[in-house]
Structures are given as C-alpha cells and as structure tokens.
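Each step along the sequence shown adds one to the number in the UniProt record's numbering, with nothing skipped, and position 73 is 73.
We put the CB at the ideal spot given by N, CA and C, even for glycine.
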Amino acid sequence: MAVLHKEYYKGTGNGQKNIQVNQDIRAYIENHPDGDFSHVLAEDDRWQVFYHLSDMRTSILNWYEWKKDASILEVGGEFGALTGLLCEHAAHVTTVEYGLFKAEAICRRYEDRHNLDIYAGNILDIEFEEEFDYIVMMGCLERQCGGSKSSKEYSEYLKKIVTLLKPNGRLLAAVDNRYGLRYFCGEVETYTGKPFAGIKHYPQAAKGYTFSRQELLNIMKEAGFKNVKFYYPLPDYKLAQMIYSDNYLPQKDLGERLLFYHRNQSTLLVPEQQLYSDLIDNQVFPFFANSFLTESSLDGESSSVLFAAVTTDRGKNHGLSTCVHEISRKGEKKEGWIVKKRALYRDGQPSIESVYNNMMELEKRGIPVVPHKIEGDAVVMPFIPDITCSDYLRKLVSVGDRETFEAIFEMLYKNILKSSEIVPDGENKLPEAKEILVEYGPILKQCYVDMVPFNCFYINGQLFYFDQEFVKENYPAAYPMYRALMYTYAFTPDAEQLVPISEMKNRYGLVQLWDIFRKEEDRFVADNRRYDVYQNFYRWTGVDINQMNRNAELLLD
C-alpha cells in the first residue's frame with residue numbers, strides 16, 4: 001500500500017482545498033479507484049481536469065529508458081499525473097507534494113502501489129536518508145522562488161536538491177520557455193494570464209518565472225551539473241507528442257505529424273504551426289521551442305535517446321513509443337543510430353508484435369521493407385537518414401517534377417496490390433459496400449492501410465516501407481491509395497498545381513469512392529485517436545483564422 005507521510009507538513013498549500021476544480025478533481029479520483037477517467041475527460045471540458053487526469057500527461061517521460069531497479073524522487077506531485085508512470089518503472093518512488101490536500105489525493109489515486117511513499121510539505125524541510133537515481137521535476141522549478149528573476153536563486157535551490165542525487169544520478173526537469181513560439185503568436189503567459197508577459201521579463205509580479213534556454217542552462221551548470229542535455233517536447237511538455245534534441249532537430253512540415261493546441265484563442269495573432277518551417281530553415285528552433293526537458297547529470301552521462309514520438313492518446317492497446325537512439329555516441333555519424341518501437345503499456349505488446357509480423361509478411365510478398373527485428377519487448381530497425389517519401393514528394397512539388405511525382409504514386413499502388421491476396425468482390429467488408437453499389441476495385445485479404453508516403457522511404461527509385469501497424473481484412477486496395485493521395489494533397493496543397501487531384505482520382509478509380517472513403521477515414525481516425533475521450537483536446541487544436549485576423553486588426557486601433 002502507498003504510504004502518506006505528514007510529519008514534515010507545516011501547512012503549506014493549505015488553500016488547495018478551497019478551489020472548486022481541485023475539489024472536483026479529488027472527487028473524480030476518489031470515485032474512480034480503477035484510474036479510468038475516460039468518461040470524466042469526455043464530459044468535463046475544464047483544462048485543469050484534463051491536465052491532471054489525462055494519460056497524455058505521461059508522454060513527457062513514458063518513452064524514457066530508466067535504469068533497472070531505480071529509485072525516483074518526484075518533486076511536485078500535484079494530483080499524481082506522472083506518479084503512476086514512475087511507479088511502473090522504478091523499484092521505489094518517493095513523491096513530494098507541497099499541499100496536504102493534493103498529497104492525500106495522490107495516495108488515494110495509487111493506494112494499491114507497494115513501491116510509493118508520498119510526503120506532504122516543502123522538500124527542503126524533509127530529511128531523507130537516501131540518495132536517488134533520478135529526481136523528476138515537471139513544471140515546478142519555475143515556481144520555487146516566488147517569481148524571482150534572479151537565476152542565482154534557482155541555482156541555489158537546485159544545489160540543495162542535488163544533494164539528494166546519487167553521483168551517477170539524473171535530474172529530469174521540464175519547464176516552459178518564456179520565448180516559446182506560442183507566446184510570440186499571442187498566447188497568454190502561464191503565470192500572468194497576459195500575452196507577451198514572459199517575453200517582456202514579467203514587468204509585473206508573477207507567481208512563477210519561466211526561463212530561456214540559456215538561462216536554464218546557466219542555472220543547471222551553476223547548480224553543479226557537468227552535463228545538461230536539452231530535449232524539445234512538442235507541442236509542449238504538458239501534452240507532448242514528439243520530443244526532439246540538439247542532435248535530432250525537427251524537419252519542415254510539422255503539421256503532418258503534430259497536433260498543436262491552444263486552450264484560449266482569444267489573443268492569438270497567427271497559427272503557430274505555420275511558422276516552424278522558417279524557424280527550422282534559419283536554425284533557431286531551440287530558442288523558440290515552447291518547452292524544455294533537461295536531463296542533467298553529475299557524471300557527464302546522458303540517455304542515448306535523440307528523438308521520441310509517442311501515441312499515448314491511442315490508449316493502452318495501441319499507445320506506442322518510437323525512439324531514435326545514438327548507440328555509437330558519434331554525434332552526427334548516423335550509421336550508429338537505431339530505432340526502437342515499444343508499447344507504452346503492457347496491453348499494447350500485441351501491437352508491437354503486429355508491426356513485426358506485418359513487416360515480415362510484406363517482405364515475403366516481395367515488398368521492399370526496412371529491416372526489422374525483435375529485441376526483448378521492442379521492434380528494432382536501423383535508422384534511415386533519408387527523408388520520408390512524403391517529404392520527398394513535397395520536394396518534387398517544389399521543383400515541379402511531375403513525372404517522378406506520378407511515378408511514385410504508381411509504384412505505391414502496385415505495391416499495395418502486391419501486398420496481399422485478392423478475394424472475391426462479395427467479401428468486401430467496408431461498411432458501405434452492401435448499401436452503396438459502386439465499383440470498389442480489387443479487394444485485398446490483408447489491406448495494409450499505412451502503405452502511404454509517410455510510412456516509407458524513396459531510395460534509389462524504390463519504396464522501402466516501415467511501421468505497418470494497422471491491417472483491415474477484406475478491404476479495397478483503393479482505400480490505402482485514397483489515404484496516400486488525401487494526406488499528400490492535404491499537407492502539400494501546391495501539389496494541385498503540379499497534378500490536379502481530379503486526375504489522380506480518375507486514374508485510381510476513386511471518383512465515386514472518395515466520399516465513401518472519407519467516412520471510413522473519419523471512423524478510423526476517431527477510433528484510433530479516441531475522439532470520444534479526447535474530444536475536448538481536439539477542440540483545442542482547432543484554428544480560428546477569422547478570430548486571429550480580428551485580433552490583428554485590434555492592434556491597429
């Protein structure tokens with residue numbers, strides 16, 4: 001059983017219990033002992049509820065490879081959004097929460113954990129008899145010094161925390177960047193509720209102080225850390241989907257991979273996602289990253305992970321992490337890199353096995369694939385330094401190479417047809433097939449719906465596939481072709497000028513099928529992304545251009 005310690009509690013955070021949303025969150029925790037808050041997230045649209053109860057919060061660390069039998073100290077447990085994850089990966093977790101109200105909630109949330117101790121109070125008042133392998137501080141460093149602008153105060157605070165770390169231990173700290181791109185786009189600052197406050201160094205008092213990259217680096221160095229590795233979680237550390245590093249920075253067109261969110265668009269002036277390509281081209285992405293995750297060590301060592309992509313929102317059966325590892329430690333020499341794909345939850349291990357089995361089946365049928373192998377609980381493959389086929393198609397559009405553009409789609413379709421046996425038309429399992437009697441084309445016994453440009457490389461005139469997780473039985477070959485075309489033209493609108501999509505629809509028999517497949521895609525994505533649970537999050541991902549234009553006009557008054 002989890003143990004709650006109150007002996008060091010001196011009344012800090014006593015006001016937590018007087019806040020209505022805090023009372024509601026604690027009630028949700030107490031009324032859902034199984035930890036399943038799906039219905040809560042679907043019905044309660046408040047940000048604080050989502051922030052504290054959504055599994056998406058774990059995305060900032062659920063990809064990280066922890067030492068075996070590690071001890072972890074979590075500073076600032078809040079309502080325990082990350083505590084359960086830490087318990088899954090450590091021999092023992094010690095969580096410190098400033099206020100007793102939230103500390104009690106953590107204990108209720110994880111009362112069945114046998115490797116968890118929760119302390120209520122200020123960490124500097126607590127006497128620990130051990131050192132820890134890891135200290136985790138997610139979003140709490142900037143609140144430790146009462147909004148002070150003095151870097152020295154934060155480094156002095158960390159010097160006290162460092163005494164609790166083993167000589168070969170790690171401090172994992174996540175903070176917002178006060179120069180984050182979202183704030184230049186007009187989003188209100190976290191600790192003031194006003195736009196541009198952090199950028200202006202907080203001209204008025206605030207309860208917290210966020211840092212620039214250089215400020216944070218200086219603070220960590222002054223605290224005594226020998227090595228500070230920066231990660232850049234996108235869209236931020238709160239609801240991370242992709243985590244980059246200095247040796248693996250993002251490429252253009254992040255909109256194809258990421259869902260940016262803004263809880264309040266009333267002050268926004270420009271869509272954040274439209275600006276990243278220019279930042280990347282000008283090599284200033286690290287300065288403008290919305291958040292930082294730092295891994296700091298006393299011995300100079302760090303994780304081998306250079307990049308991580310996580311799909312926590314897909315749930316326990318399909319949530320996966322894909323990590324690029326620098327095995328050889330040779331910096332830019334990418335021949336020493338590998339890619340590991342793992343399940344985020346035990347229930348997701350069959351999905352990992354499906355990826356491997358699907359790749360082997362495609363290889364048997366003569367489809368070129370990136371080499372895959374099983375190592376323990378992971379699918380491992382070599383890192384391919386080439387850009388994906390979807391990025392290559394964008395290049396073809398930019399240079400006006402129609403011939404190669406069309407040739408790649410022809411190759412895609414031939415590979416789709418080659419990937420499986422063809423079954424009689426009457427076995428078509430597409431839901432609309434029995435009601436809408438049109439020509440669906442060849443029906444594949446095993447239809448690999450991810451045989452799209454995003455999931456293959458174009459190398460020396462061939463397509464090499466990877467990451468084929470999803471298969472639909474007895475589905476039209478035209479469906480993955482629809483997906484290939486639809487997403488290409490959606491994320492590369494200029495393709496319409498090179499080859500009108502109407503021509504491609506005619507060529508691949510999609511004119512009558514387009515709207516039918518659109519419905520199927522909506523179903524597939526809604527199920528895969530769990531729209532029923534995360535509908536409020538997806539509402540925050542919308543972009544209101546008209547509102548932004550009105551906001552810009554107001555600046556001229």
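- Between the alpha carbons of Asp55 and Leu249 lies a distance of about 26 Å.
- Rounded to whole angstroms, Ile387 and Phe454 show a C-alpha spacing of 10 Å.
- Per DSSP, Asp278 lies in no beta strand (DSSP E) segment; the continuous alpha helix (DSSP H) that holds it begins and ends at 276-281.
- Of the residues assessed, Asp494 falls on the exposed side of the cut-off, its CB having fewer than 16 other CB atoms within 10 angstroms.
- Here DSSP, grouped into helix, strand and coil, assigns Ala478 to helix.
- Considered as a whole, the stretch 139-200 harbours 165-176 as its complete beta strand (DSSP E) runs of no fewer than 3 residues, in chain order.
- By the criterion of a C-beta distance shorter than 6 Å, Arg113 is surrounded in its chain by Ala2, Cys87, once the five residues flanking it on both sides are discounted.
- For Trp63, the three-state secondary structure derived from DSSP is coil.
- Sixteen is the threshold: when 16 or more other Cβ atoms of the shown chains lie within 10 Å of the Cβ of Arg483, as they do, the residue is buried.
- By the Cβ criterion, the stretch 470-480 is not in contact with the stretch 377-394, since fewer than three pairs of Cβ atoms, one from each stretch, lie closer than 8 Å.
- Across the structure, Cys323 and Leu554 are spaced so that their CA atoms are roughly 44 Å apart.
- A distance below 8 Å separates the beta carbons of Ala42 and Val533.
- Three or more beta-carbon pairs separated by less than 8 Å link the stretch 180-192 to the stretch 289-306, which places the two stretches in contact.
- Taking each of Gly169, Ala205, Asp313, Val511 in turn and checking the Cα distance to Asn62, the smallest one comes out for Asp313.
- Around His318, the same chain offers Thr311, Gly348, Ser351, Glu469, Asn528 as residues with beta carbons nearer than 8 Å, after the five sequence neighbours per side are excluded.
- In the structure shown, the three-state DSSP call for Phe260 is coil.
- By the Cβ-count criterion, Ile19 is exposed, with fewer than 16 other Cβ atoms from all chains shown falling within 10 Å of its own Cβ.
- Annotation: Glu363 is outside any beta strand (DSSP E); the continuous alpha helix (DSSP H) that includes it extends over 349-364.
- With a cutoff of 8 Å on beta-carbon distance, Asn428 and Tyr440 are scored as near each other.
- For Trp66, the closest C-alpha among the options Gly186, Arg143, Asp253, Glu295 is that of Glu295.
- With fewer than 16 other CB atoms across the displayed protein chains lying within 10 angstroms of its CB, Leu437 is exposed.
- When Cβ pairs closer than 8 Å are counted between the two stretches, the stretch 225-232 is seen to touch the stretch 298-312, the count reaching three or more.
- The alpha-carbon of Lys340 is positioned some 17 Å away from that of Asn247.
- For Met411, the CB contacts under 6 Å within the same chain, skipping 5 residues up- and downstream, are Leu463 in chain order.
- Take Pro368, set aside five residues on each side of it, and the residues of its chain with a beta-carbon closer than 6 Å to its own are Gln462, Phe464, in chain order.
- Considering only Ala120, Arg57, Gly147, Thr12, the residue with the shortest C-alpha distance to Lys238 is Arg57.
- The three-state secondary structure of Gln547, taken from DSSP, is helix.
- Taking C-beta atoms as the reference points, Val49 and Asp69 fail to come closer than 8 Å.
- Of all alpha-carbon atoms in Pro385, Ala103, Tyr64, the one lying nearest the alpha-carbon of His89 is that of Tyr64.
- Judged by pairs of C-beta atoms under 8 Å, the stretch 70-77 touches the stretch 129-138, as three or more such pairs exist.
- Rounded to the nearest whole angstrom, the C-alpha separation of Arg346 and Ser59 is 16 Å.
- Assigned with DSSP and collapsed to three states, Leu41 falls in helix.
- Taking a 10 Å sphere around the C-beta of Thr163, we find fewer than 16 other C-beta atoms and assign the residue as exposed.
- Leu216 and Leu298 have their alpha carbons spaced roughly 16 Å apart.
- For Met411, the enclosing alpha helix (DSSP H) covers residues 402-418.
- Taking the Cβ atoms as the reference, Glu256 lies roughly 7 Å from Ser390, within the contact range of under 8 Å.
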